[in-house]
Amino acid sequence: MFVTDIRKEFYDKVVHERVLVLVAFDVDALCACKILQYLFQCDHVQYTIVPITGRQELENAFLEHSEQVKYVVMINCGGNINILETLQPAEHVIFFIADSHRPVDLVNVYNDDQVKLLMPTTDDFDIPAYDDLFKDDESDDDSGNESDSSAPSGKRRRLDEEVLERRRERRLWEEKRKQILLDYEEFSTYGTSSAMIMFDLAWKMSKDSNDLLWWGIVGLTDQYINNRVERGKYMTDVGDLHKHTLRLNHRNEDDDNTVSVDCMRIYFDEELKLALYRHWSLFESLKHSSYPACKFKMWTVKGQQKMHEFLADMGLPLVQVKQKFTSMDMGLKESFKGLFTASCEKYGLDDISFGSFIAQYGYKNKLCAADVVYAVNGLMECVEAEKSATGYFLEALDCLSRQNVKKLLRGLDLAKRQLTTIMQTVHSFIDMKQIISAGPFLYAYIPEGHPDVKFFSRPNCLGMLAYFMQEAYVATSRSRRSTLLPMVVAAPLNAETGSALVIGIPPKAEESTKNFFGRAFEQAAIQTNSRTLHDNFDTSIIEMKSEDRSKFFDALISLLS
Amino acid sequence: MYGEKAVELIRQLHRSPDGSLPPFNEDGIRQVLEEMRVLFEQNQADVNKTVDGAPGLFPGVQLRHAALERNKRCLLAYMFNRMERLRAMRWEFGSVLPPDIKYNLSEQEIQWFSRYNKSLAAYMRSIGGPSGGGLDLTQDLKPPKSLYIEVRCLMDHGEFETEDGTILLLKKDSQHFLQRSQCEHLIRQGVLEHIL
Amino acid sequence: MDDLDIEEGSDEEVEQMTAAEALAMVEKAWLNEKFSPELLPHKQDLVDVMLDQLNGMQENISRAKKGDLKASIHKMEIDRIRYVLASYLRIRLEKIEKFVHHLLEEEAELGEDVPSRMSPEELQHAKNFAANMETLFNDVVLRHMPRNLKKLEGSKVAASPNKDSYVFLQVQEQVDQVMVDTAGDQGDEAIDLEKGSQHIMRYRVVAPLINNDAVTLI
Amino acid sequence: MFAPCVKYPTRLRENYFSIDDILTTQEKVPCKFQSSVLGLGFLDPGAEGTDLAAGTAMELPYWLARALCSRKRRIVTVEMPKPYREGYRQILSADANVVDLHKLGPYYYAFGIYLQSFGQPDAGEISNTLLQTFSTRFRRIMDSAQNCLNEDTTAVTGKLDELERVLFRVGQEGLTAFHCWQSGQSAKIVPSTMVTNYRKRKRQDGD
Chain A
0 MFVTDIRKEF
10 YDKVVHERVL
20 VLVAFDVDAL
30 CACKILQYLF
40 QCDHVQYTIV
50 PITGRQELEN
60 AFLEHSEQVK
70 YVVMINCGGN
80 INILETLQPA
90 EHVIFFIADS
100 HRPVDLVNVY
110 NDDQVKLLMP
120 TTDDFDIPAY
130 DDLFKDDESD
140 DDSGNESDSS
150 APSGKRRRLD
160 EEVLERRRER
170 RLWEEKRKQI
180 LLDYEEFSTY
190 GTSSAMIMFD
200 LAWKMSKDSN
210 DLLWWGIVGL
220 TDQYINNRVE
230 RGKYMTDVGD
240 LHKHTLRLNH
250 RNEDDDNTVS
260 VDCMRIYFDE
270 ELKLALYRHW
280 SLFESLKHSS
290 YPACKFKMWT
300 VKGQQKMHEF
310 LADMGLPLVQ
320 VKQKFTSMDM
330 GLKESFKGLF
340 TASCEKYGLD
350 DISFGSFIAQ
360 YGYKNKLCAA
370 DVVYAVNGLM
380 ECVEAEKSAT
390 GYFLEALDCL
400 SRQNVKKLLR
410 GLDLAKRQLT
420 TIMQTVHSFI
430 DMKQIISAGP
440 FLYAYIPEGH
450 PDVKFFSRPN
460 CLGMLAYFMQ
470 EAYVATSRSR
480 RSTLLPMVVA
490 APLNAETGSA
500 LVIGIPPKAE
510 ESTKNFFGRA
520 FEQAAIQTNS
530 RTLHDNFDTS
540 IIEMKSEDRS
550 KFFDALISLL
560 S
Chain B
140 MYGEKAVELI
150 RQLHRSPDGS
160 LPPFNEDGIR
170 QVLEEMRVLF
180 EQNQADVNKT
190 VDGAPGLFPG
200 VQLRHAALER
210 NKRCLLAYMF
220 NRMERLRAMR
230 WEFGSVLPPD
240 IKYNLSEQEI
250 QWFSRYNKSL
260 AAYMRSIGGP
270 SGGGLDLTQD
280 LKPPKSLYIE
290 VRCLMDHGEF
300 ETEDGTILLL
310 KKDSQHFLQR
320 SQCEHLIRQG
330 VLEHIL
Chain C
2 MDDLDIEEGS
12 DEEVEQMTAA
22 EALAMVEKAW
32 LNEKFSPELL
42 PHKQDLVDVM
52 LDQLNGMQEN
62 ISRAKKGDLK
72 ASIHKMEIDR
82 IRYVLASYLR
92 IRLEKIEKFV
102 HHLLEEEAEL
112 GEDVPSRMSP
122 EELQHAKNFA
132 ANMETLFNDV
142 VLRHMPRNLK
152 KLEGSKVAAS
162 PNKDSYVFLQ
172 VQEQVDQVMV
182 DTAGDQGDEA
192 IDLEKGSQHI
202 MRYRVVAPLI
212 NNDAVTLI
Chain D
2 MFAPCVKYPT
12 RLRENYFSID
22 DILTTQEKVP
32 CKFQSSVLGL
42 GFLDPGAEGT
52 DLAAGTAMEL
62 PYWLARALCS
72 RKRRIVTVEM
82 PKPYREGYRQ
92 ILSADANVVD
102 LHKLGPYYYA
112 FGIYLQSFGQ
122 PDAGEISNTL
132 LQTFSTRFRR
142 IMDSAQNCLN
152 EDTTAVTGKL
162 DELERVLFRV
172 GQEGLTAFHC
182 WQSGQSAKIV
192 PSTMVTNYRK
202 RKRQDGD
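Residue numbers (my numbering), protein chains in the order written: chain A, 0 to 560; chain B, 140 to 335; chain C, 2 to 219; chain D, 2 to 208.
Put into C-alpha cells, the structure is as follows:
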C-alpha cells in the first residue's frame, strides 16, 4: 500500500528497531541512502546496509541478513517485483519501499500489511482498480473444481446454466484483467527520485540541512542526466528543491562574511550541458558532452571547424579553451558563461542550459550537481580490478560525504575516462557506420576485444553510450524517421561465460521516458528460447548469452515491426 | 670474533619489522651456548694453570670473560625483545594468536604467552573488587566520541551476536550502525572499518 | 551523573564525595599517571567506587525504555568513564610491566607501614610477570649457561623510569621555595610556584608535589 | 594501541636489553695490544702463531675494547675511529647538514658518547662536535619531518643516524596526527598496526 504520512507510517515505526536497508546501484539510491543514514544516526537506529545489483542479489541478501530483522527498507529496488512472492518473508516482516522504478507491482500496491510504498501520492501511477484485478472468495475455487457438484440431479440443469453463465462472466473478467495488466505493464519508466523522498522525510522531521538537500539535488540530477525524468517533471522538482535552497541559504545573502568557509552553500543556477568543464578544459568538455558534440557533429572535419568558428565567435582564444578551466584567465572565466550562451543561440544550440544547483564549501570546492553525478557514477561503475563492484559502490557512497572530497576527485577522473571512452566509441561507430537501422529500431553491437569494452559492462555507462549514440545517429541521419526510432545497444558482459549486456532506450523524438523494451525483450526471449537473465531492476536492461543474440534480435525485429 | 653469533641473533630481530616475529632461532642459540661452554672451560683451565703458577694467562681470561658476559647479554636481550613483541601482540591480536605467528614461537614462548594471558585476565577480572565484575582493559582504546558508530565489513566474518542478543551477519561490503563498545575489537582486528 | 547516588560507595574516604567529584579525581589521577614517567601511588578506592557507579548506571539503563534519550546520554557517560578508567589502569599496567624488576625491588625495601605504589592485584600481576619472564629465560638459555652465569641479575637488567625527563604541569596550590637546579653550573635556585601557573620542569623536582596534589601534570 | 600511553624514548637509553645499545656497542674501535694474549692468536686473521702478540693492531668491538682498556687495566690501547678524528670533525663543522651520518656509523652519536669513556685527549672535542652537529642538523630534520606528508622520505632518512631517524619519525607522527585531527579523522577507530602489517605481509606472501 502507499504510505500517505511518511513520517508516521514509516519513520516512527522503525525508530527504535533494527532495520535492514537494501540499496540498488544508482546515484539516486546512494543519495537517498545517505539521507536515511543521517536520520538513523541521529536517532540511534541500528541498521545494516547491503548493496544490491539485481533481483538475484536481492533474494540472497534478504535470505542472509533477514534473521531477527522485522523491518526492511529498499531503495530503488523491489518496487516493481512482487516482493512477497519473490522473498517469501515471514509474516511479521514489513517492507518499506522507496523505488523510482515504474510500474509498481500491483500486489505490492494492494498489500496492506507487509508492503509499504514510500512514493509521493502526487506521482502519476494509473493503478487499476482493485476489483478489476482481484476477485475474492467462491469464484476462485469453482474454476477448477468440477467434482464438488454434489447437488441433486433435478436442479442440475438449471445449475449448469448458472455455472455456464458465471464461467462466461469469469472469462470476460479475466480477459479484461489481462488487458488491464497488459496496459499497465506495457511501459517501464521512472517516478520521483528516492533521494527527494528521503529529503522530504528529513524536512518533515525538521532535520533537513544543506548536506541533506545536496544529496536530494544530486539524486534528482542523476535522473535528469540519465534520462529518467521528463523535462516537465524535472522542472517541477527543481522548483521544489529551489524553495528549500532559498530557505536553507537565505542567511548567506545578507551577511556573506559571517559564514565560515567550512560551511556549505547551495544556490540555484543555469547550468550548461557541458560535462565536467570546471574540472577539465572547455575544449575537452565540449568534445565529450553529447549535446554540443552531436550538434556540431564533432566527429567530422567540418564539425571541428564549426566548433572552432564557434569558439572564435565567442572571443575565446584556443589556448585558453584548451587549458585547464581552473587556470583560465579570471576575466574570461567570469564572463565565459554569458558569452557561451549567446553564441550557442546564434549557432542553434538553444537547448544548452538547464536549471540546476551549485554547492560551495571551503575555498576550493565548488561543484555543480551534474558533475557530482558523473563522479559518483564513475566511481560506482569503476572497472578497475582493485576492488569488487560492491567495493566501488561503497567508495561511491563515501565520496558523497564532504570530508571525502579526495574520493570525489578520483571519481571525477574516472568519469572523464568513462566519457572519453563513450565519445571515442561513438565516433568510431559513426565513422564505420556500425549503427544499424534494423527496421523498427536502431541497433549497435560493441564487439568483444574492443579495448575499453569493459566500461560498457556497467548498466549506467552502457545507457550513457546508448543515448549518445542515438543522438549522434540522429544528427547525421538525413531521414527524419530516425528520431522516431528507439535504440538497442549490446555489449559484452563477461567473456568467460560468453554473456552480453543489452539495453533498450525510447526514441529521441519522444519527450517521455516510457520504455517498452522490458516487455519486448521478455517476449523475444520466450519466442526464441534465448538464454536471457532479466536481473536488472530496470527491465529494459537484460543479460543474455552472446550466442543467442542473432535469433533474439530477429525475433525482436519481427515483434516490433 | 667472539660474540658474533650472538649479535647476529640481535641483528635478526633488528631487521624484522615491528609487529612481526622471525622464527625462533633455536640453532643460533645453541651455537652461542656452545661458544660460551668452550669459553668457560678454557677460562677454567687457564685459571687453574694460573693458580698453579703459569704466568701471562690473565689477559686471555679477561677477554674470554668479557665475551661470556656479552654472549649472555645478547641471548637474554634476544629472549626479552621477542617476549616484548609477544606481549604487544596480546594487546593487538587478542588472546589467540594467528597460526603462522604461533608457528614461529618456541614451546616455552607459547607457554609464556598463555601464562601472561592468564595473569592479565586474572588482573582484569579483579578490578573493582570481588563485586565489581572486572574491567576489560583491551577495550576502550580511544576516547569515545559517540555511542554508535558506522562500520563497514572488510571480510566475511560470519554471524556476530551483540550484547543485546541481536544476531548480525558480517558479510564483506555490508555496512552497519552499531554500538561502538560492541564492535571496537572487530575494528582492531581489521574485520570492520570505522566509517566517519 | 548528578542524579545518581554515590553515597553507597563503600570506602570511608570517598564516602562524602559526589559522583562528579569522584569523576574529577579519577580524571586528575589519569592525567598525572599519563604524563608522569614513573608509576604513581595507586588510587584503588577511587577506581572501585567508579566501577560500582558504572554498574549501577548500567542497571538503571537496562530498566529504561527503548529509545529513551536519557538512557542514551547515560550510556555515553558510561562509555566515557569506562574509557578513563581503562586508560588509567592500562597506563599503570604498562609501567608496571616495563619497570617490573625495579618496582619489585623497591617493594622489597619498603618499610612496614609504607603503602605500596601498586594495588594488591597489580602487585600480584607484577610478581607473575617477573616470575614468568624468569621461567622463560631460565628454560631457554640461563639453565644451559656456565655455572657462574646462570643467574638473572635483577639490578643489572632492571629498566627504571627516567625521572630527569621534563613534564608540563599546572600549579593547584601555591608552593614556595621549590629547589630547581638551573642549567649550567650555577647550582640550585629556589622558585615559587604561583597557583594556576603552568611550567615545564624536570620530573624529579616536582614529583613530591604531585603526590600531595599541589600540582597536576598536563 | 598499547604503546602511546607512555612514550619514553627508552630505545635511546642505555638498557641491558636494548637492541640499539647492543648494536652500538658492537661498533669497532682500533686497538693495539699492550700485552700478548696467549692462545687467542686465531682472533687476528693476519697473525701467525697461536698467540696474539703484544703490539698487534686490530679492530675490536667496543664492548671488548672497553673490557680490555680501563683505568684498572690496559691490555689494549685504543685510538678513535676515523669518523671521529680531526678530518671528519672538520667536515662536520664546515657543513653538518650534507654529511651522510648513517654511513659514518648508524649510531654516530651514541657510539661517540661511548667513546668518551676511554678518556682520550680529544674526548672534549669529539663531544663538542657531536653537540654542534646535532644542533645543526636537528633543525633541518624537524623541518623536513614537518614538511613532507605522504611522501617517500627514504631520501631524507637515508643519511640520518639512528637517533635522528627516531626523531624524524616522531616529527612525522606528530604531523600525521595533526592532519588527522584537522580533517576530523582522529576519532576514527583504526585496526592495530600489528594487525595491519600482518595482513599486508600475508597479502604479499599470497601473491
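Glycine included, C-beta positions come from ideal geometry on N, C-alpha and C.
For this session: To the nearest angstrom, report how far apart D328 of chain A and S400 of chain A are at their CA atoms.
Result: 31 angstroms
Exercise. Which residues bound the beta strand (DSSP E) around L308 of chain B?
Worked result: Here the beta strand (DSSP E) through L308 of chain B covers I306 to L309.
For this session: Please check if any C-beta of chain B sits within less than 8 angstroms of the C-beta of S138 of chain A.
Result: Residue confidence is low: S138 of chain A scores 49 on pLDDT, short of 50, so the model does not pin down where it sits. Its coordinate-derived value is still stated next. Answer no: the Cβ-Cβ gap between S138 of chain A and chain B never drops below 8 angstroms.
For this session: Using alpha carbons as the reference points, say which of A:E270, A:R264 and A:Q303 lies closest to E283 of chain A.
Result: The residue with the shortest Cα to Cα distance from E283 of chain A is A:Q303.
Problem set entry | Exposed unless 16 or more other CB atoms sit within 10 angstroms - verdict on V235 of chain B | exposed
Exercise. In its own chain, which residues sit with a C-beta less than 6 angstroms from the C-beta of Q321 of chain B, not counting the 5 before and 5 after it?
Worked result: T301 and E302
Problem set entry | Cut-off 7 angstroms between Cβ atoms - residues of its own chain near R176 of chain A, not counting five sequence neighbours on either side | D131 and L132
For this session: Starting from N98 of chain D, find everything on chain C with Cβ-Cβ shorter than 7 angstroms and list it in chain order.
Result: Going along chain C, no residue has its Cβ under 7 angstroms from N98 of chain D, so there is no contact; the nearest lies around 26 angstroms.
Exercise. Which two residues bound the contiguous alpha helix (DSSP H) that contains H204 of chain B?
Worked result: F197 to F232
Exercise. Does any residue of chain C bring its CB to less than 8 angstroms from the CB of F179 of chain B?
Worked result: Yes, its Cβ sits closer than 8 angstroms to a Cβ of chain C.
For this session: Might you give, ordered along the chain, the residues of its own chain that have their beta carbon closer than 6 angstroms to the beta carbon of W298 of chain A, omitting 5 neighbours on each side?
Result: H426 and I429
For this session: Check whether the segment 106-124 of chain D touches the segment 137-157 of chain D, counting contact only when three or more Cβ pairs, one atom from each stretch, lie closer than 8 angstroms.
Result: no
For this session: For the alpha helix (DSSP H) holding F295 of chain A, just list the boundary residues, first then last.
Result: S289 to F295
For this session: Quickly, what does DSSP pair L366 of chain A with across the bridge? List them, please.
Result: A:A358
Problem set entry | chain B contacts made by the segment 184-202 of chain D, where a contact means CB separation under 8 angstroms | G185, Q186, A188, K189, I190, V191, P192, S193, T194, M195, V196, T197, N198, Y199, R200 and R202
For this session: For C32 of chain D, collect the residues of the same chain with a Cβ closer than 8 angstroms to its Cβ; drop the 5 residues on either side in sequence, then sort them by chain order.
Result: A58, M59, E60, L61, A66, L69, C70, V77, T78, V79 and E80
For this session: Taking only runs that begin and end inside the segment 44-82 of chain D, name each unbroken alpha helix (DSSP H) of 4 or more residues, in chain order.
Result: 63-69
Problem set entry | 8 angstroms CB neighbourhood of K453 of chain A in its chain, flanking five on each side removed | V382
Problem set entry | Beta-bridge partners of A499 of chain A, as assigned by DSSP | A:P491 and A:M543
Exercise. How long is the line joining the alpha carbons of E542 of chain A and L500 of chain A, rounded to whole angstroms?
Worked result: 5 angstroms
Exercise. For chain B, is any of its Cβ atoms less than 8 angstroms away from the one on M26 of chain C?
Worked result: no
Exercise. How big is the Cα-Cα spacing for G330 of chain A and K405 of chain A?
Worked result: 28 angstroms
For this session: In the DSSP assignment, find the unbroken alpha helix (DSSP H) run with Y17 of chain D in it and report its ends.
Result: Looking at the DSSP string, Y17 of chain D is not in any alpha helix (DSSP H), and its letter there is neither H nor E.
Problem set entry | Residue closest to N98 of chain D, alpha-carbon to alpha-carbon, out of D:T158, D:G42 and D:F34 | It is D:T158 whose Cα lies nearest to the Cα of N98 of chain D.
For this session: Report the neighbours of V49 of chain A on chain B: residues whose CB is nearer than 7 angstroms to its CB, in chain order.
Result: S313
Problem set entry | Rounded distance between the beta-carbons of N79 of chain A and H100 of chain A, thought under 8 angstroms | 5 angstroms
Problem set entry | Minimum C-alpha distance to A358 of chain A - residue among A:N248, A:A437, A:P439 and A:C76 | Among A:N248, A:A437, A:P439 and A:C76, the Cα nearest to that of A358 of chain A belongs to A:N248.
Exercise. Going along the chain, which residues of its own chain have a beta-carbon closer than 7 angstroms to the beta-carbon of V2 of chain A, five neighbours each way excluded?
Worked result: E8, F9, K115, L116 and L117
Exercise. Exposed or buried, what is S146 of chain A when buried is set at 16 or more other beta-carbons lying within 10 Å of its beta-carbon?
Worked result: Residue confidence is low: S146 of chain A scores 47 on pLDDT, short of 50, so the model does not pin down where it sits. Its coordinate-derived value is still stated next. Burial call: exposed.
Exercise. Roughly how many angstroms lie between the CA atoms of L21 of chain A and Q205 of chain D, to the nearest whole one?
Worked result: Pairing L21 of chain A with Q205 of chain D, the inter-Cα distance amounts to about 34 angstroms.
Exercise. So who's on the other strand from L271 of chain A, going by DSSP bridges?
Worked result: As a beta-bridge residue in DSSP terms, L271 of chain A pairs with A:S352.
For this session: Report, in whole angstroms, the separation of the C-beta atoms of V142 of chain C and L215 of chain B, which I expect to be a contact under 8 angstroms.
Result: 7 angstroms
Exercise. Once you ignore the five residues that flank G438 of chain A on each side, which residues in its own chain have a CB closer than 8 angstroms to its CB?
Worked result: I556, L559 and S560
For this session: Establish whether the CB of Y255 of chain B and some CB of chain A are separated by less than 8 angstroms.
Result: no
Exercise. Quick one, which of B:L274, B:C213 and B:Q250 has its alpha-carbon nearest M51 of chain C's?
Worked result: B:L274
For this session: Enumerate, from N- to C-terminal direction, the unbroken alpha helix (DSSP H) stretches of 4 or more residues contained entirely within the segment 190-256 of chain A.
Result: 193-203, 209-224 and 230-253
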